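Reviewing the structure listed below.
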Amino acid sequence: MLKVSKFGGSSLATLERLNNVLRIVKEDKRRKIVVVSAPGKGFCSEEKTTDFLRKVFKINDEKEKEQSLNFLARKFAEYSEDESIFAIAYNAFLACVNNEQAFISRGEYLTALVVAKKLGFVFKDALELIFFDGNGEVDRTKCRAAAEKTDIGDGVVVPGFYGADEQGKVRLFPRGGGDITGAVLSEAFGVAMYENFTDEEGVLSADPRIFAKAKTVKKLNYREIETLSRFGAKVVCPSVAKYLVGKDIPLVVRSSFSPSSRFTLVSEAACGGKDKPKAVAGKFALKISVKLKIGGLSNIFIALSKLFTFLGDPLALYLSTNDLVFYIDEDNSKIPEAIQALRSSSDFFITAEDGFFVLSLVGSFSQTFARQISYRLNSSGIKVYCVLPYSDKLIYIVKKSHSAKAIINLANFINEADRG
Numbered sequence: 000m001l002k003v004s005k006f007g008g009s010s011l012a013t014l015e016r017l018n019n020v021l022r023i024v025k026e027d028k029r030r031k032i033v034v035v036s037a038p039g040k041g042f043c044s045e046e047k048t049t050d051f052l053r054k055v056f057k058i059n060d061e062k063e064k065e066q067s068l069n070f071l072a073r074k075f076a077e078y079s080e081d082e083s084i085f086a087i088a089y090n091a092f093l094a095c096v097n098n099e100q101a102f103i104s105r106g107e108y109l110t111a112l113v114v115a116k117k118l119g120f121v122f123k124d125a126l127e128l129i130f131f132d133g134n135g136e137v138d139r140t141k142c143r144a145a146a147e148k149t150d151i152g153d154g155v156v157v158p159g160f161y162g163a164d165e166q167g168k169v170r171l172f173p174r175g176g177g178d179i180t181g182a183v184l185s186e187a188f189g190v191a192m193y194e195n196f197t198d199e200e201g202v203l204s205a206d207p208r209i210f211a212k213a214k215t216v217k218k219l220n221y222r223e224i225e226t227l228s229r230f231g232a233k234v235v236c237p238s239v240a241k242y243l244v245g246k247d248i249p250l251v252v253r254s255s256f257s258p259s260s261r262f263t264l265v266s267e268a269a270c271g272g273k274d275k276p277k278a279v280a281g282k283f284a285l286k287i288s289v290k291l292k293i294g295g296l297s298n299i300f301i302a303l304s305k306l307f308t309f310l311g312d313p314l315a316l317y318l319s320t321n322d323l324v325f326y327i328d329e330d331n332s333k334i335p336e337a338i339q340a341l342r343s344s345s346d347f348f349i350t351a352e353d354g355f356f357v358l359s360l361v362g363s364f365s366q367t368f369a370r371q372i373s374y375r376l377n378s379s380g381i382k383v384y385c386v387l388p389y390s391d392k393l394i395y396i397v398k399k400s401h402s403a404k405a406i407i408n409l410a411n412f413i414n415e416a417d418r419g
């Protein structure tokens, strides 16, 4: 029985943490496919290594860039406790100095080299296992074919976050893409389990920075974890689920700092009873209202098509007789472009309003339960602008200024339900 074990940047940020990861892998002989991110904050600066590399790549002064490359190479040599890694790291950065995506990926590349050497595993470049098609989507068929030809042996270590485009060049996943690497390899190798090691003891019922009494959720299904991730829960990348659904591959989210402690099991099966809340997450949002100047279903489809093309899936949307209302993650950089595209049409009148917070409470719910939650929030002085009830989640839209209060209210409710 094989496992894919993915370790994030926080798990690898220091030499002490690296040694902890090595112990975890060695404790279970089934952990033969290891995926690693670049070291997190504290490795080379107070920001993540990947973000630091982005800045170094943009340095124009040759002397300053040379100093930065030497600094990075020295850090990896110290990290590996092997002086020979200095030249390997320096040359790896130098070879990519004119290719931004390749340069940024060297954090994962070098970390995987170091981990493989220390474990006695084979280093396997992601360019040999992860492939993108012409549309930038993962070519899952090609990934499976590559996996079938790969001899796992005692174990392999693969850098996360990137793969090969159609020309064989480095292409990066979005931020958090190391999680996707682990999911793609889990599907490709047909493993029995995908372990994702983070700095939290599984998926928590709420953001612990807001609600100190957040608890580990014992079980979730893939739809629930995708929803929580999309609404801001910083656990796994939202697109991880699509590679595991239908493959009978459970995902276990656990802490690398206490691996034998609490964890979350994510699987196909629905879990928990009716009207059983599990976790809450939320994001600040911009409200975009599209009023149709000329009625007709075709115009609605045009508006939908334009918004989805620019912005992807909204956090929430609803349709009235003449209006489409979208709530979009306020950090979405394409919002101005989308609004401009709609305003260029004579068929639409567009308004945009900020100051909203969209929450998603996951679980299994009835319509009556949704109304009870609305009453609870309103009774606490939290104005609910809109409720969108679904069988597997409840979406509430409140004021941005009430975001923390709403999270705390619902997180307390989850704890009360657990005790009940």
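Every letter in the sequence shown is one number past the one before it in numbering that gives the first Met the number 0, and letter 147, counting from 1, is 146.
All residues carry an ideal CB built from backbone N, CA and C; glycine is no exception.
This one's a predicted model, so the numbers in the text were calculated from it and none came from an experiment.
Is it buried or exposed, residue i, if we count other Cβ atoms within 10 angstroms and call 16 or more buried?
i, result
"Ala94", "exposed"
"Leu436", "This structure leaves residue 436 out entirely; the chain is present only between 0 and 419."
"Tyr374", "exposed"
"Tyr384", "exposed"
"Pro286", "Just to set this straight, residue 286 is Lys in the shown sequence, not Pro. Answer is buried; the Cβ neighbour count reaches 16."
"Gly119", "exposed"
"Arg370", "exposed"
"Asn447", "Lying before the first or after the last residue shown, residue 447 is absent from the chain, which here runs from 0 to 419."
"Thr350", "exposed"
"Arg253", "buried"
"Pro335", "exposed"
"Lys2", "buried"
"Asp445", "Within the shown structure, residues of the chain are numbered from 0 to 419, placing residue 445 beyond reach of any answer."
"Val114", "buried"
"Ala144", "exposed"
"Ser79", "buried"
"Ser67", "buried"
"Thr140", "exposed"
Going by beta carbon distance, what residues of the same chain come within less than 7 Å of residue i, once the five residues before and after it are set aside?
i, result
"Tyr221", "Ala240, Leu243, Val244, Val265 and Glu267"
"Lys392", "Thr226, Ser359, Leu360 and Val361"
"Arg16", "Ser10"
"Ala111", "Val35, Phe122, Val156, Val157 and Pro158"
"Val24", "Ser4, Arg30, Val33 and Leu118"
"Glu223", "Lys277, Val361 and Asp391"
"Ser228", "Val234, Val235, Cys236 and Pro237"
"Asp422", "The structure shown does not extend to residue 422, since the chain spans only 0 to 419, so no value can be given for it."
"Glu147", "none"
"Glu127", "Ala145"
Apart from the five residues on each side of it in sequence, which residues of its chain come closer than 8 Å, Cβ to Cβ, to residue i?
i, result
"Gly281", "Phe230, Gly231, Phe356, Val357, Leu358, Ser359, Ser402, Ala405 and Ile406"
"Asp138", "Phe130, Phe131 and Asp132"
"Val279", "Ser204, Ala205, Leu358, Ser359, Leu360, Val361, Ile406, Leu409, Ala410 and Ile413"
"Leu171", "Gln100, Ile103, Ser104, Phe160 and Tyr161"
"Arg416", "It is Ala, not Arg, that sits at residue 416 in the sequence shown. Taken in chain order, the residues that qualify are Lys275 and Pro276."
"Asp322", "Ser288, Val289, Lys290 and Leu291"
Across which residues does DSSP place residue i in a beta bridge pair?
i, result
"Ser266", "Asn220"
"Ser304", "None; Ser304 has no bridge partner."
"Val157", "Val34"
"Asp322", "Lys290"
"Arg170", "Gly162"
"Met192", "Lys2"
"Gly281", "Leu358"
Please work out which residues of its chain come closer than 6 Å, Cβ to Cβ, to residue i, disregarding the five sequence neighbours upstream and downstream, and give them in chain order.
i, result
"Lys74", "Cys43"
"Gly176", "Phe160"
"Ser379", "Asn408"
"Ile394", "Ala315, Ser359 and Leu387"
"Ile84", "Phe75 and Ala76"
Hey, is the segment 146-165 in contact with the segment 206-216, meaning 3+ C-beta pairs nearer than 8 Å? With a cut-off of 8 Å, the segment 206-216 and the segment 146-165 do not count as touching, because too few Cβ pairs lie within range.
Entirely within the segment 55-80 and at least 4 residues each: give me those alpha helix (DSSP H) ranges in chain order. Complete alpha helix (DSSP H) runs here, min 4: 61-79.
May I ask you to verify whether the segment 312-329 touches the segment 362-370, counting CB pairs closer than 8 Å and requiring at least 3? With the cut-off at 8 Å, the segment 312-329 and the segment 362-370 do not touch.
Segments of 4+ residues assigned as alpha helix (DSSP H) that fall wholly inside the segment 82-115: Within the segment 82-115, the complete alpha helix (DSSP H) runs of at least 4 residues are 83-94.
Measuring CB atoms only, is the segment 48-57 touching the segment 186-196, in the sense that at least three cross pairs come out at less than 8 Å? When Cβ pairs closer than 8 Å are counted between the two stretches, the segment 48-57 is seen not to touch the segment 186-196, the count staying below three.
Mind the definition here: the segment 106-119 touches the segment 32-40 only if three or more C-beta pairs lie below 8 Å; say whether that holds. Cβ pair count under 8 Å is three or more, so yes.
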